[in-house]
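**Student:**
What follows is the structure, encoded as structure tokens:
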């Protein structure tokens, strides 16, 4: 009998050494402001009958030990019956005037005994925000990757520099006390399954609003398409969606400053602060009715953004241009002032109205198409100096294509369709360069669905024709299409340095 007991005991000992209990490391605050403690919970996956020990160590990421957070290494032991232990890392506050942006570090757990399998978790450190300032707090689903957490922190820093005044705290049921807004972030679109890379990038919306005179939101949600999580402009995407979460265009302050008043399809924003900034920037090009609101596109794009044709790459238009910056303009800051936020106009990002010459080709091309004349010609009544960008609006109201638009003493642009059926068709852009020399990039910008495609960049020396086919078209609210319908409007954007 003693020998059998020894044999059984020996087997149990081997099992404990070869198969130690697993561990789970969870950050209790995924984002922490400088100077605060980053707290982690270490959980033993199963109750152990023997002590289980691990070494827990903080490790530099973009945040550096000694500069951004304290070095911490500790041996943690779970005694029989224990399953949970806590571990904290103290972050360090930079000078208030020092703005570094969001940084991250990780905590690594190494079990002692058995196979030393490491597990780790990370925390993002945001720049310190004075306590009286506006605060955006995030709650991330467990499957949200580090890249999205970091992008959220960068986007929040931008908005927290623009909105400066604290709002009253709100206590609401299971959500507890919120100051100033809590945004729940998930991997996956709010509307459901992924629609693929480059289609709908993300969605954001408020959930609960304050009952005071401002009616500003205090709880919101954002869903980011898993297919687009590696987009290099992820922080810009998040900044755009945070703008929606903050009440653009759903807050009471927005709805009280549009025309027609109370309409679900407003044409202009009339808040005095935004209009003042709009008039200053656009001068004589400003329309008297107020800041133009997007009228085209599907649900989630139309009536929910600044007009894309007017504002170009501004952050709160319905199309994000990943080939350039998407600044948060002083006009948007003014709109948030009108909505009831306390704002800092100096925090607006540099923005200028599109420096394009915009010409609508009207009777000339329409009449030519109506008569069924192939290769109809319409000349833009404008001199196009070198190094400028020219934007032309064309209405393909008839199905007779191709139609050619000729720039005086400049290359021609020919738009052609290769399918006469009432289906989506692939469009091609042909550039008749003549004897001109230069480097040009063309993009097709669809006004109805806010899709944009950079077609090609090319250099020509005396070549007669270059042809390119439109391919991927990416927007904040809509996905790629292989071409265009007739009876739709689009832009041809010409970027280049012609000699």
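Residue numbers (our numbering): 81 to 579. Virtual Cβ for every residue (Gly too), placed ideally from N, Cα, C. None of the values given here were measured: they were computed from a predicted structure.
If I follow the unbroken beta strand (DSSP E) through residue 231, where does it start and stop?
**Tutor:** That residue, residue 231, is in no beta strand (DSSP E); its alpha helix (DSSP H) goes 226–242.
**Student:** Report the residue from 273, 332, 409 whose alpha carbon sits nearest the alpha carbon of residue 358.
**Tutor:** 409
**Student:** Let me know the secondary structure DSSP gives residue 309 once reduced to three states.
**Tutor:** coil
**Student:** I need the straight-line Cα distance from residue 122 to residue 131, nearest angstrom please.
**Tutor:** Those two C-alpha atoms are separated by around 15 Å.
**Student:** Roughly how many whole angstroms lie between the Cα atoms of residue 342 and residue 280?
**Tutor:** 28 Å
**Student:** Determine the closest residue to residue 229 out of 258, 257, 253, 266, with distance taken between C-alpha atoms.
**Tutor:** 266
**Student:** Could you spell out where the beta strand (DSSP E) holding residue 223 opens and where it closes?
**Tutor:** Taken as a continuous stretch (DSSP letters only), residue 223 belongs to no beta strand (DSSP E), as it is neither H nor E.
**Student:** Do residue 215 and residue 259 have their CB atoms nearer than 8 Å?
**Tutor:** Yes; because the gap between Cβ atoms is below 8 Å, this pair is in contact.
**Student:** Kindly indicate which three-state DSSP category residue 54 falls into: helix, strand or coil?
**Tutor:** Look at the range of the chain in this structure, 81 to 579, and you will see that residue 54 is not part of it.
**Student:** Which partner residues of residue 348 appear in the DSSP bridge assignment?
**Tutor:** 339, 372
**Student:** For residue 252, name the three-state secondary structure that DSSP assigns.
**Tutor:** strand
**Student:** Going by DSSP in three states, residue 537 sits in which element: helix, strand or coil?
**Tutor:** Note that residue 537 scores a pLDDT of 30, beneath 50, so its modelled location is shaky; the value from the coordinates is reported in the next line. Secondary structure of residue 537 (DSSP, three-state): strand.
**Student:** Specify whether the segment 311–322 and the segment 390–405 touch according to this definition: at least 3 beta carbon pairs, one from each stretch, less than 8 Å apart.
**Tutor:** yes
**Student:** With DSSP as the reference, please indicate the residues paired to residue 284 in a beta bridge.
**Tutor:** 302
**Student:** Can you grab the Cα-Cα spacing for the pair residue 434 / residue 406, in whole Å?
**Tutor:** Taking the straight line from one Cα to the other gives about 12 Å.
**Student:** Cα separation between residue 137 and residue 148?
**Tutor:** Distance between the alpha carbons of residue 137 and residue 148: 15 Å.
**Student:** Tell me which same chain residues have a C-beta within less than 6 Å of the C-beta of residue 192, skipping the five on either side of it?
**Tutor:** Correct list, in chain order: 133.
**Student:** May I have the straight-line CA-CA distance separating residue 312 from residue 106, to the nearest angstrom?
**Tutor:** 27 Å
**Student:** Pick out whichever of 389, 294, 348 has its Cα sitting closest to the Cα of residue 327.
**Tutor:** 294
**Student:** Give the DSSP-derived three-state secondary structure of residue 269 in the structure shown.
**Tutor:** Correct three-state label for residue 269: strand.
**Student:** In the DSSP output, what is residue 354 paired with across the bridge?
**Tutor:** BP columns for residue 354 are empty, so no partner.
**Student:** In three-state DSSP terms, what is residue 543?
**Tutor:** Reliability fails at residue 543, whose pLDDT of 32 lies under 50, so the model's placement of it is uncertain and the value that follows must be treated cautiously. Three-state result, residue 543: coil.
**Student:** Helix, strand or coil for residue 216, going by three-state DSSP, please let me know.
**Tutor:** strand
**Student:** Would you check if the distance between the CB atom of residue 339 and the CB atom of residue 330 is smaller than 8 Å?
**Tutor:** no
**Student:** Using a Cβ-Cβ cut-off of 6 Å (strictly less than) and excluding sequence neighbours within five positions of residue 419, which residues of its own chain qualify?
**Tutor:** 327, 331, 333, 334
**Student:** Which one of 290, 263, 289, 292 has the shortest CA to CA distance from residue 283?
**Tutor:** 263
**Student:** In angstroms with no decimal places, state the Cα-to-Cα distance between residue 473 and residue 363.
**Tutor:** Residue placement at residue 473 is flagged as unreliable, the pLDDT there being 33, under the threshold of 50; the coordinate-derived value follows with that caveat. The alpha-carbon atoms of residue 473 and residue 363 are separated by roughly 22 Å.
**Student:** Could you tell me the alpha carbon to alpha carbon distance between residue 290 and residue 413, rounded to whole angstroms?
**Tutor:** 20 Å
**Student:** Can you give the beta carbon distance from residue 226 to residue 268, rounded, assuming they're within the 8 Å contact cut?
**Tutor:** Contact flag wrong, Cβ pair sits at about 17 Å.
**Student:** Between residue 249 and residue 172, how many whole angstroms is the CB-CB distance? I'm expecting something under 8 Å.
**Tutor:** Their Cβ separation, rounded to whole angstroms, is 27 Å, which puts residue 249 and residue 172 out of contact at 8 Å.
**Student:** Exposed or buried, what is residue 110 when buried is set at 16 or more other beta-carbons lying within 10 Å of its beta-carbon?
**Tutor:** By the Cβ-count criterion, residue 110 is buried, with 16 or more other Cβ atoms from all chains shown falling within 10 Å of its own Cβ.
**Student:** Beta-carbon separation of residue 155 and residue 169 under 8 Å?
**Tutor:** no
**Student:** Quick check on DSSP: helix, strand or coil for residue 402?
**Tutor:** coil
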